[in-house]
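> Numbering (the working numbering), first residue to last: 67 to 298.
Ideal Cβ positions, reconstructed from N, Cα and C, are used throughout, including at glycine.
What follows is the structure, given as C-alpha cells:
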C-alpha cells in the first residue's frame, strides 16, 4: 500500500483528482468504470473537482458507479448520488448515459440484486468477478468502508456483488459493494481526512488490522491511501 500524505483536506482532494486524471490520460482511448463513495470527505473533492479541474478532465471517458448508497430518495440530503450530483455531475459535461446510480428509494434487496446484475453486465470480469478500473473508498472512525461495518465481516467474503447492509448506529439500510469485487478492482484508493480517523488509519496500516477497511487494504491490488495527517 502506498501512502500519500498532505497538509490539508483540500490539498489531499486535489492530489487525488490529479491522480485520477493522470490515470485517464495514460490510456486516452479507454472508457473507465469508477465506483465512487459518498460522505463528507469525498464531498470536498467533488466540489473542488467541479470548480478547479472541470476543463482538464476527460469526462466523456468516465462511467460513474457507486460503492454504496443509503436507502433514501435521490433528493434526500443523505443520498450519496444526490450529493455528488449536486456538487459535481450537474456542473460538468457528463450525460445521463454515463451515470449508473443505485436507486436508494427502491426496495433494498431488489435494488441490490438489480445493481449487481447491471454491474455484472457492464464490467469485464476477472476471477469471475466484475472488475472496476478504480474503487474510491472512504473510511469511518470505526474502520468501516463501503457500508461494511465492524461485525459485518461476512460481507467481505459474500458471493454477491452488492448486498443490503445496515448502519448499526442508526439502523439505516444501505446498498453496499461487497469485499471481493473491491479486492478485484484494478486500483483501490482510500481517501481519509481528519484527525478523528487516525486510529482507523493505524488499523489499516497494521498487517493484522481488524477493521473492514484493513481487510480491504491488506487484500486488494494497487492500494493507495490519500490522507491529510501522519499516522503514528
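(1) Out of 199, 74, 96 and 257, state which residue places its alpha-carbon closest to the alpha-carbon of residue 124.
(2) Which runs of the alpha helix (DSSP H) at least 4 residues long sit entirely within the segment 132-219? Give them in chain order.
(3) Give the list of continuous alpha helix (DSSP H) stretches no shorter than 4 residues that lie fully inside the segment 233-298.
(4) On a Cα-Cα basis, can you pick out the residue from 270, 287 and 242 that is closest to residue 279?
(5) Beta-carbon separation of residue 207 and residue 276 under 9 Å?
(6) For residue 112, count neighbouring Cβ atoms within 10 angstroms of its own Cβ and tell me buried if that reaches 16, exposed if not.
(7) I'd like the span of the alpha helix (DSSP H) that includes residue 97, first residue to last.
(8) With DSSP as the reference, identify every bridge partner of residue 228, one or two as the case may be.
(9) State the start and end residues of the unbroken beta strand (DSSP E) segment that holds residue 71.
(10) Buried or exposed: where does residue 294 fall if 16 or more other Cβ atoms within 10 Å of its Cβ makes it buried?
(11) In chain order, what residues of the same chain have a beta carbon less than 8 Å from the beta carbon of residue 110, not counting five sequence neighbours either side?
(12) Taking the alpha helix (DSSP H) that residue 10 belongs to, which residues open and close that run?
(13) At the level of alpha carbons, what is the spacing between residue 291 and residue 70?
(14) Determine the burial state of residue 173: buried for a count of at least 16 other Cβ atoms within 10 Å of its Cβ, exposed for fewer.
(15) Whole angstroms are fine: how far does the CA of residue 117 sit from the CA of residue 213?
By the coordinates alone:
(1) The option with the nearest alpha carbon to residue 124 is 96.
(2) 146-153 and 174-188
(3) 245-250, 264-271 and 278-285
(4) 270
(5) no
(6) buried
(7) DSSP places residue 97 in no alpha helix (DSSP H); its state is neither H nor E.
(8) 243
(9) 68-71
(10) Answer is buried; the Cβ neighbour count reaches 16.
(11) 75, 76, 79 and 259
(12) Because the chain in this structure spans residues 67 to 298, residue 10 falls outside the shown range and cannot be described.
(13) 6 Å
(14) exposed
(15) In a straight line, the C-alpha of residue 213 is about 28 Å away from that of residue 117.
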